[in-house]
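J.: Before I ask anything, let me first share the structure, which is written out below as structure tokens.
Protein chains: 2
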Amino acid sequence: MKEPVPDVVIQRLPMYAHMLRALKEVGVESIGSRELGAVLRTTPAQIRKDLSYFGKFGKQGMGYNVGQLLDELTQVLGLGRPWPLALVGTGRLGRALIEHKGFVDDDFRMVAVFDKSPRRIGKKLGGLVIQDAAELEQIVKERGIAICIVAVPPGEAQRVIDAFVRAGVKAILNYAPIVARVPKSVQLRQITPLHSLQSMTYYLKSEYPTSGSAAKSRADGKTRGSGV
Amino acid sequence: MKEPVPDVVIQRLPMYAHMLRALKEVGVESIGSRELGAVLRTTPAQIRKDLSYFGKFGKQGMGYNVGQLLDELTQVLGLGRPWPLALVGTGRLGRALIEHKGFVDDDFRMVAVFDKSPRRIGKKLGGLVIQDAAELEQIVKERGIAICIVAVPPGEAQRVIDAFVRAGVKAILNYAPIVARVPKSVQLRQITPLHSLQSMTYYLKSEYPTSGSAAKSRADGKTRGSGV
DNA sequence: CCGTGTGAACCGCTTCACAGCG
DNA sequence: CGCTGTGAAGCGGTTCACACGG
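Just so you know, the protein sequences line up as chains X and G, in that order. At position 1 of the first sequence the residue is numbered 1349 (my numbering), and the sequence of numbers has no breaks. At position 17 of the second sequence the residue is numbered 1365 (my numbering), and the sequence of numbers has no breaks.
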């Protein structure tokens, strides 16, 4: 209910909104923090606390009105309008992202696609003509694009990000596995599935011991099916 | 450096390893926590503390040997061996994930691909024959697959995840935007780019005020170019 | 001396517990 | 009475600062 809302809270909001949308569609009109917490796998306290940063949306003894709370969160997150998006990189990843329509909904609309390869420039992709990455800065400025998606090879990612920043972009979703540098005023989210895999293995290595690797041989290492 | 290593620490390790690999390739043989922190955009203290959970890898006054530290982290994370991977869902997303080779490196190898659509079963994808999702449980068990990737539509994701869990899988990378349920013994990582976008907009909405949204009409809303 | 390893201080998020309102 | 909203306690991770080793 004060100014500095913790970052983690903001990042949980989309999940809340997502669930509320689902509940609304199913016809649920009202829900308590206990139930919402159960379905979201968090605690009721967490939910109440999170929401309290933005106002008082519930009625004591009654819980929250699903539709109303969804509207509030939509408002808080700045959604409910079509943010224009740009994407650079139309390799497999970029094409998949566009065609998969993972983000094209009411809140986002892809309005520009770039690539630097002459082979691709001029072709159409997802209803848009692929434009020369050299014109990125100008076009992004012209169209007032605030959010962009980077799907180029690692070696080019920082260059592309710099161009976006110069163009005034304020939020970047980066799929390239690099440690990107952006001004503090620019939001950056990293999508690096390989790192997710590499951290999960930490928890697995005891159950699935090495078959040889570092040096110490291990006769069998067949711990697998056991826990199943 | 005791037993319960914080989860966040584990999740930073892949980034450290990644950077060390890059440094090694460039020929850097030794690095201090200060420099490593600078390039990774963290603090030296953080790095030293993180590493201290696993042992003493540095030499005072000298910093860390890049190659050696990389080996240690590889060991800690349980990498340096080819973990077999399975993927379900060969729609645009699934195909892109496979063909993009985002995770196929020395540490991971895709060994099975599933789909439930008869149109796709039997076709080849990334050198593998797409198999009937109905056989998922059996095949995953047979091949001792511990990690899997879910790239099916939201409505099917939980079912698929349940099947994987029954098959004994211990780590799941899920691309479907759902609140997945898994036993605590199973690692789960969620890749939900849309939520990343939806949380970034929170920080943008003040700079790019609404053009209309929730109800209140707003004559123009052309605040765009200003901040650029 | 320089830089690591680390206990201790610090800070921020989470959880608790209860006052207050429907 | 039930459940929200919230100050305060609890807890875990980050940062500090310094002892110690090369």
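From the three backbone atoms N, C-alpha and C, an ideal C-beta is built for every residue, glycine too.
1) When the Cα atoms are used, what is the spatial distance from residue 1497(G) to residue 1427(X)?
2) Kindly indicate if chain X contains any beta-carbon less than 8 Å away from that of residue 1387(G).
3) If you draw a straight line from the alpha carbon of residue 1468(G) to that of residue 1461(G), how long is it in whole angstroms?
4) Are the beta-carbon atoms belonging to residue 1606(G) and residue 1508(G) less than 8 Å from one another?
5) Quick one: what's residue 1461(G) bridged to in DSSP?
6) Whether or not the region 1469-1489 of chain X and the region 1451-1461 of chain X are in contact is what I'm after, with contact meaning three or more pairs of Cβ atoms, one per stretch, closer than 8 Å; do they touch?
7) Just tell me which of 1478(X), 1511(X), 1501(X), 1543(X) has its CA closest to the CA of residue 1489(X).
8) Do residue 1445(X) and residue 1365(X) have their CB atoms nearer than 8 Å?
9) Output the distance between the C-alpha atoms of residue 1552(X) and residue 1546(X), rounded to the nearest integer angstrom.
10) By DSSP, does residue 1368(X) sit in helix, in strand, or in coil?
11) Taking only the alpha-carbon atoms, compute the straight-line gap between residue 1393(X) and residue 1380(X) and give it to the nearest angstrom.
12) If you measure between the beta carbons of residue 1540(G) and residue 1525(G), is that distance less than 8 Å?
13) So that I know if they touch, is there some Cβ in chain G lying closer than 8 Å to that of residue 1463(X)?
14) Can you determine whether any heavy atom of the ligand ATP sits closer than 7 Å to the C-beta of residue 1426(X), and answer yes or no?
15) Going by DSSP in three states, residue 1498(X) sits in which element: helix, strand or coil?
16) I want to verify the contact list: residues of chain G whose CB lies under 7 Å from the CB of residue 1456(X), in sequence order.
17) Mind checking the region 1505-1532 of chain X against chain G and listing, in chain order, the residues whose C-beta falls within less than 7 Å of any C-beta there?
18) Could you tell me the boundaries of the alpha helix (DSSP H) in which residue 1395(G) lies?
19) Could you check where the alpha helix (DSSP H) with residue 1469(X) kicks off and where it finishes?
20) Measuring alpha carbon to alpha carbon, tell me which residue in 1542(X), 1554(X), 1556(X), 1558(X) is nearest residue 1361(G).
21) Taking 8 Å as the CB-CB cut-off, is residue 1467(G) touching chain X?
22) In terms of residues, what are the limits of the alpha helix (DSSP H) holding residue 1444(X)?
T.: Concretely, from the data shown:
1) In the second sequence, residue 1497(G) corresponds to position 149, counting from 1. In the first sequence, residue 1427(X) corresponds to position 79, counting from 1. Distance between the alpha carbons of residue 1497(G) and residue 1427(X) is about 30 Å.
2) Locating residue 1387(G) in the second sequence gives position 39, counting from the first residue. At least one chain X Cβ lies under 8 Å of residue 1387(G).
3) Position 120 of the second sequence, counted from the start, is the residue given in the question as residue 1468(G). Position 113 of the second sequence, counted from the start, is the residue given in the question as residue 1461(G). Rounded to the nearest angstrom, the two C-alpha atoms are 11 Å apart.
4) An answer regarding residue 1606(G) cannot be provided, because it is not within the stretch 1349 to 1576 covered by chain G.
5) If you number the second sequence from 1, residue 1461(G) lands on position 113. 1435(G), 1478(G), per the DSSP bridge assignment.
6) yes
7) Residue mapping note: residue 1489(X) aligns to position 141 of the first sequence, counting from 1. For residue 1489(X), the nearest C-alpha among the options comes from 1511(X).
8) By one-based count along the first sequence, residue 1445(X) stands at place 97. By one-based count along the first sequence, residue 1365(X) stands at place 17. No. Outside cutoff.
9) Here the question's residue 1552(X) lines up with position 204 in the first sequence. Here the question's residue 1546(X) lines up with position 198 in the first sequence. The alpha-carbon atoms of residue 1552(X) and residue 1546(X) are separated by roughly 10 Å.
10) Within the first sequence, numbered from 1, the residue matching residue 1368(X) stands at position 20. Residue 1368(X) falls in the helix class under three-state DSSP.
11) As a working note, residue 1393(X) is residue 45 in the first sequence. As a working note, residue 1380(X) is residue 32 in the first sequence. Those two C-alpha atoms are separated by around 11 Å.
12) Translated into positions along the second sequence, residue 1540(G) becomes position 192. Translated into positions along the second sequence, residue 1525(G) becomes position 177. Yes, Cβ-Cβ distance for residue 1540(G) and residue 1525(G) is below 8 Å.
13) Residue numbering aside, residue 1463(X) sits at position 115 when the first sequence is read from its first letter. No - not a single Cβ of chain G is within 8 Å of the one on residue 1463(X).
14) No copy of the ligand ATP occurs in the structure displayed, which carries no ligand at all.
15) Here residue 1498(X) is taken as the residue at index 150 of the first sequence, counted from 1. DSSP places residue 1498(X) in strand when its eight states are reduced to three.
16) Your numbering for residue 1456(X) matches position 108 in the first sequence. Near residue 1456(X) (Cβ distances below 7 Å), the residues of chain G are 1545.
17) 1516, 1518, 1519, 1521, 1525, 1527
18) For the purposes of this step, residue 1395(G) is taken as the residue at position 47 of the second sequence. Start and end: 1392-1400.
19) The count along the first sequence starts at 1 and reaches residue 1469(X) at position 121. Residue 1469(X) -> no alpha helix (DSSP H), and no H or E assigned at all.
20) Sequence index remark: in the second sequence, residue 1361(G) carries index 13 (1-based). Of the candidates 1542(X), 1554(X), 1556(X), 1558(X), the one whose C-alpha sits nearest the C-alpha of residue 1361(G) is 1542(X).
21) Taking the first residue of the second sequence as 1, we reach residue 1467(G) at position 119. Chain X contact via Cβ: absent.
22) Taking the first sequence and counting its residues from 1, one reaches residue 1444(X) at position 96. Looking at the DSSP string, the run of the alpha helix (DSSP H) that includes residue 1444(X) is 1440-1448.
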